[in-house]
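If you're matching positions, the sequence shown starts at 0 in numbering that gives the first Met the number 0 and goes up one per residue.
Heads up, the beta-carbon is just placed ideally off N, CA and C, and yes, glycines get one too.
First up is the structure itself, then whatever we jot down about it.
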Amino acid sequence: MYRAVEATRDILPGEIERWQFIEQTARDIFARYGFREIRTPIFEFTDLFKRSVGEATDIVSKEMYTFTDRGDRSLTLRPEGTAPTVRAYVQHSIHKAEESTRWYYAGPMFRYERKQKGRYRQFAQIGVEVLGADEPHVDAEVIEMVMFFLASVGLSGLVLHLNSIGCKTCRDAFQEDLHKTLAPLIGEFCSDCARRYDRNVLRILDCKVDRERVAKLPSILDNLCSACEEHFTAVRGALDDAGVSYVLTPHLVRGLDYYMRTAFEVTAPGLGAQNAILGGGRYDGLVKQLGGPDVPGFGFALGLDRLVMILPENAGLPAAADIFLVVLGEAAGKEARRLALTLRHGGLRVVLSPAPRSMKSQMRAAGRSGARYAGILGETELAAGQIILKRLSDGQQEACALGSPESLMEVLAHDRS
Ligand SMILES: [Zn+2]
Ligand SMILES: [Zn+2]
């Protein structure tokens with residue numbers, strides 16, 4: 000027997016409805032904020048991710064699905080969605096047509112991650128990018144939208160963590176400061192931090208192991224330049240105006256140079272140590288780094304696999320069929336197929352009993368299917384030009400004329416969810 004490749008999986012009916020519910024809610028809410036969808040290829044030139052995600056990151060150094068194609072090109076299955084989105088933005092010179100651009104993407108990403116519960120090597124993300132706007136109210140508006148979306152899919156108890164990581168100017172000074180402060184202390188930190196000390200000292204603030212030691216380090220929020228300070232104050236003010244609450248989290252950082260100012264993350268209870276379901280922030284230098292104009296950017300990405308895990312049980316329930324047709328006899332079967340066609344064209348969900356079986360076993364199947372009604376059509380009913388509609392929740396039944404499917408549809412549409 001063939002099985003799905005390790006750390007990949009099938010999403011079967013029963014679970015897929017939860018995915019569809021999240022995706023539809025995202026599309027609906029993002030559209031209300033002026034976002035439009037972009038779809039990029041699943042694979043790109045490897046170089047794109049090296050340039051944008053950074054060669055020193057775990058993603059690029061250890062986790063990419065990179066292969067050489069038949070034309071001897073080095074290609075990579077996309078490990079994230081921002082780089083392809085920005086690549087498309089630059090390639091199609093969108094900045095010449097629009098002053099600011101609001102795009103979202105949704106789809107599978109690929110990373111060769113260590114095997115652990117809830118982590119898949121093909122996983123799905125939804126992400127949003129605003130290109131061409133650097134006003135603080137844009138940061139706040141996108142964050143407000145995320146929280147609105149998460150509440151709309153039924154999640155509660157979430158915590159929004161907010162920080163500013165400054166700009167090149169104030170961050171460079173802060174990093175120098177941090178280096179000096181850490182010089183006598185770095186021996187006490189974990190081995191990952193020892194490596195970060197030379198390569199990317201800011202990431203030490205993000206260490207999950209050294210939380211207590213990190214808390215004693217200077218905070219970037221106390222070291223912002225006046226322009227960054229002003230930007231951050233405005234972001235916070237706009238969030239307050241929108242009624243969005245947040246926790247100031249000075250150790251929340253982003254590792255790459257083009258990230259600046261606003262950084263945020265949303266954590267959820269019940270996910271253990273790796274409890275972030277989404278992260279985002281401002282990345283004003285990225286478009287330029289990828290060969291485009293000097294256009295600011297702001298965005299976030301959220302992992303659907305983990306979101307589905309913490310969704311309330313009753314969210315995105317499969318839509319039950321409106322009617323299950325229970326049919327006895329060949330003539331009734333023909334009539335039932337004709338009726339099913341009419342009802343389906345009229346927008347109703349119809350199940351036709353799949354095989355000629357006894358009335359009793361068909362009724363049992365109707366009950367198991369979760370359909371709201373059984374429509375019983377045997378020789379007697381056919382002779383009387385009727386179909387018996389039986390509401391499966393309480394057994395109440397009534398006869399409807401076969402000759403007027405409109406009245407049948409009226410009954411079926413009545414208490415439809
Ligand atoms: Zn600054
Ligand atoms: Zn550490």
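Please identify the residue among the options whose C-alpha is closest to the C-alpha of residue i.
i: residue 233; options: 19, 116, 134; result: 134
i: residue 330; options: 320, 355, 306; result: 355
i: residue 202; options: 174, 286, 167; result: 174
i: residue 29; options: 315, 148, 69; result: 148
i: residue 34; options: 141, 226, 251, 362; result: 141
i: residue 80; options: 346, 237, 122, 218; result: 122
i: residue 238; options: 199, 159, 25; result: 159
i: residue 22; options: 345, 360, 306, 402; result: 306
i: residue 339; options: 316, 386, 361; result: 386
i: residue 94; options: 321, 296, 371; result: 296
i: residue 204; options: 228, 177, 63; result: 177
i: residue 287; options: 182, 402, 92; result: 92
i: residue 117; options: 62, 265, 7, 167; result: 7
i: residue 382; options: 334, 161, 397; result: 334
i: residue 264; options: 255, 256, 276, 257; result: 276
i: residue 250; options: 294, 326, 218; result: 218
i: residue 346; options: 279, 266, 362, 322; result: 322
Label residue i either buried or exposed according to how many other C-beta atoms from any shown protein chain fall within 10 Å of its C-beta, with 16 as the threshold for buried.
i: residue 5; result: exposed
i: residue 244; result: exposed
i: residue 259; result: buried
i: residue 261; result: buried
i: residue 70; result: exposed
i: residue 108; result: buried
i: residue 146; result: buried
i: residue 138; result: buried
i: residue 378; result: exposed
i: residue 411; result: buried
i: residue 72; result: exposed
i: residue 115; result: exposed
i: residue 17; result: buried
i: residue 316; result: exposed
i: residue 144; result: buried
i: residue 253; result: buried
i: residue 208; result: exposed
i: residue 52; result: buried
i: residue 181; result: buried
i: residue 90; result: exposed
i: residue 269; result: exposed
i: residue 240; result: exposed
i: residue 285; result: buried
i: residue 38; result: exposed
i: residue 282; result: buried
Per the contact definition of three or more C-beta pairs closer than 8 Å, is the stretch 126-134 in contact with the stretch 95-112? Enough Cβ pairs lie closer than 8 Å, so yes.
Those runs of the beta strand (DSSP E) which lie wholly inside the stretch 232-314 and span at least 3 residues: Counting only unbroken stretches of 3 or more residues, the beta strand (DSSP E) elements lying wholly within the stretch 232-314 are 259-266, 275-281, 296-302, in sequence order.
Below 8 Å, how does it come out for the stretch 190-199 and the stretch 301-314: are there three or more Cβ pairs, yes or no? Because the criterion of three Cβ pairs below 8 Å is not met, the stretch 190-199 and the stretch 301-314 do not touch.
Counting Cβ pairs, one atom from each stretch, are 3 or more of them under 8 Å apart for the stretch 170-187 and the stretch 206-220? These segments touch.
Whose CB is closer than 6 Å to a heavy atom of ligand 1? List the residues in chain order. Around ligand 1, the residues whose beta-carbon falls short of 6 Å from at least one of its heavy atoms are 165, 166, 168, 169, 223, 224, 226, 227, given in chain order.
Scan the stretch 310-395 and note each continuous alpha helix (DSSP H) run of 4 residues or more that stays entirely inside, going in chain order. When DSSP assignments are scanned along the stretch 310-395, the uninterrupted stretches of alpha helix (DSSP H) that are 4 or more residues long and fall wholly within it turn out to be 329-344, 358-368, 378-383.
Pairs of beta-carbons, one from the stretch 342-353 and one from the stretch 388-395, closer than 8 Å: are there three or more? In short, these stretches do not touch, since the Cβ pair count stays below three.
What residue ranges within the stretch 84-146 form continuous alpha helix (DSSP H) runs of no fewer than 4 residues, ordered along the chain? Assignment of alpha helix (DSSP H) within the stretch 84-146, counting only whole runs of 4 or more residues, yields 93-96 in chain order.
Below 8 Å, can you find three or more Cβ-Cβ pairs linking the stretch 151-169 to the stretch 303-320? The stretch 151-169, when compared against the stretch 303-320, does touch it at the 8 Å Cβ threshold.
Can you list, in chain order, every residue whose CB sits closer than 6 Å to a heavy atom of ligand 2? Of all residues, those with a beta-carbon under 6 Å from at least one heavy atom of ligand 2 are 188, 189, 191, 192, 206, 208, 209, reported in chain order.
Kindly confirm or deny that the stretch 284-300 and the stretch 330-350 touch, where touching means at least three C-beta pairs closer than 8 Å. Flag = no, the stretch 284-300 and the stretch 330-350 do not touch.
Could you tell me whether the stretch 42-61 touches the stretch 81-88, where touching means 3 or more Cβ pairs closer than 8 Å? With a cut-off of 8 Å on Cβ pairs, the stretch 42-61 is in contact with the stretch 81-88, counting three or more such pairs.
Do the stretch 57-77 and the stretch 17-32 make contact, defined as three or more Cβ pairs closer than 8 Å? The stretch 57-77 makes no contact with the stretch 17-32: fewer than 3 CB pairs, one atom from each, lie closer than 8 Å.
Output the residue ranges of the alpha helix (DSSP H) runs that lie fully inside the stretch 148-202 and measure 4 residues or longer, sorted by chain position. As far as the stretch 148-202 is concerned, its whole alpha helix (DSSP H) runs of at least 4 residues are 167-181, 190-198.
Suppose only complete runs of 4+ residues qualify. What are the alpha helix (DSSP H) ranges in the stretch 2-48, listed by chain order? Annotation: the stretch 2-48 contains the following complete segments of the alpha helix (DSSP H) (minimum length 4 residues), in chain order: 15-31.
Threshold first: 4 residues or longer. Then list the alpha helix (DSSP H) segments lying entirely within the stretch 202-230, N to C. List check, alpha helix (DSSP H) in window: 210-214.
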